[in-house]
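Take a look at the structure set out below.
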Amino acid sequence: MNHDVYAVGNALVDIQAQVSEELLTKLAFEKGIMTLVDDERQAGVLSNFDLPSLNRCAGGSAANTIAAVADFGGKASFVGKIGNDETGEFFLKDLRNLGVTIDVDPLEGAPTGTCAILITDDAERTMLTNLGASSQLSVEDIDEAAIAAAKYIYIEGYLFTGDSTKAAAYRAMELAKKNNVKVAFTASDPFLVNMIRDEIWDLIRGPVDLFFCNEEEAQSLTGLSDPIACASKIHESAENVAMTLGENGSILMHGGEAIAIEGVSVKAVDTTGAGDMYAGGVLYGITNGLSWKQAGHLGSHAAARVVSQLGARLATPFTKDEVQELTNV
């Protein structure tokens, strides 16, 4: 079966909880960033909540994006590693219900990864990630036939925090190039850019055809401050660049041209998954006949809709008529 996008990422179940500033301070995590935690620490955090009452969905950066591609009506496939437990079964069922193709062998003896997303009243999210089984994704899990059947593969930067997952990411990119499939890569987080800046530049100059980042990540990567200067600098090496600017929209770089995408004014409730949703809109667009401007416009509106609600998955997906209307630009 042919796919628009084949995504490789950490298979995590996102668990969203609205919290007070006081509780966040008590837990002693830095607000607004992602922190890796072990099984015991994650269990301690989640003990503060009534888990059955919380919103959860199959997540992780690439999984959120691939779910968005499927929501728009695209053909999507995902590979990640889950544990042989109820949480892993939930992950598979949740993505498959969206029409995402996912064929993985559950891992014995390791829990499915989770991401506790603690959301304060200012819509900032503090993410506590326990990778669990997802950290054991390996080159053996990468399916060449599935990659060859895709138009793009999409790699999340978080995979570069582990040796096995990094090897899987490089294997996917190698097979994509072998089969003339485009490679999209997302920086994922400013901390990651700071950690592997030179390696990200090597990827941009090498196999990556489309680089996703936000303004802060682009500034860290280039050492520049002006958004257009950042995007232009990256575009000197990357064929295509998609840089989000929060409420100010985004900038797409394609064919030497800067394409400004307007922001969409909404009341932010939860910024979780905004970048993932934007990437999903852009990837759906460019693999389904839209221009880069149309794809960016769709991504911008998708990101705005997701931040106006709780959770990284659209509570009300776009209808075909809405997609048609949004792409008449």
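Each residue of the sequence shown is one higher than the one before, counting from 1 in UniProt numbering. Don't be surprised by glycine CBs; every beta carbon is placed ideally from N, CA and C.
CA-to-CA distance, residue j to residue i, given in whole angstroms
i: H301; j: E215; result: 18 Å
i: M127; j: L118; result: 6 Å
i: A260; j: T272; result: 23 Å
i: V19; j: D121; result: 8 Å
i: K267; j: F318; result: 18 Å
i: K177; j: I286; result: 18 Å
Three-state secondary structure assigned by DSSP to residue i
i: N97; result: helix
i: G88; result: helix
i: S291; result: coil
i: K182; result: strand
i: K166; result: helix
Own chain residues within Cβ distance below 7 Å of residue i, not counting five before or after
i: S53; result: none
i: P106; result: I82, G83, N84 and G88
i: Q42; result: T114, A116, L128 and N130
i: A274; result: A303, V306 and V307
Close-in-space but distant-in-sequence residues of the same chain around residue i (CB under 6 Å, 5 per side omitted)
i: A218; result: C230 and M243
i: S135; result: G162
Range covered by the beta strand (DSSP E) that runs through residue i
i: T244; result: N240 to T244
i: M1; result: Element bounds for M1: n/a, residue is neither H nor E.
i: I15; result: L12 to Q18
i: N130; result: R125 to N130
Contact set for residue i: own chain, Cβ-Cβ below 8 Å, skip 5 residues either direction
i: V104; result: A11, V79, G80, K81, I82, L92 and D141
i: E21; result: T120 and D121
i: I234; result: I204, F211, C213, A218, L221, T222, V241, M243 and M253
i: G299; result: A242, S250, I261, M277, Y278, A279, G280, G281, V282 and G285
Extent of the continuous alpha helix (DSSP H) run through residue i
i: N194; result: P190 to M195
i: E40; result: D39 to L46
Closer than 7 Å: residue i CB and nearest the ligand PLP heavy atom
i: C230; result: The model on display carries no ligand, and the ligand PLP is accordingly not part of it.
Inset, instruction - Examine the Cβ distances between the region 148-158 and the region 241-260 and report whether three or more of them are shorter than 8 Å. - result: The region 148-158 is not in contact with the region 241-260.
Legend entry - the region 66-81 touching the region 39-56, judged by at least three CB pairs closer than 8 Å: With a cut-off of 8 Å on Cβ pairs, the region 66-81 is not in contact with the region 39-56, counting fewer than three such pairs.
Inset, instruction - Give a yes or no on contact between the region 57-76 and the region 85-105, applying the rule of three or more CB pairs nearer than 8 Å. - result: Flag = yes, the region 57-76 and the region 85-105 touch.
Inset, instruction - Tell me, please, whether the region 186-201 touches the region 26-35 by the rule of three or more beta-carbon pairs shorter than 8 Å. - result: Between the region 186-201 and the region 26-35, the count of C-beta pairs closer than 8 Å reaches three or more; the two stretches touch.
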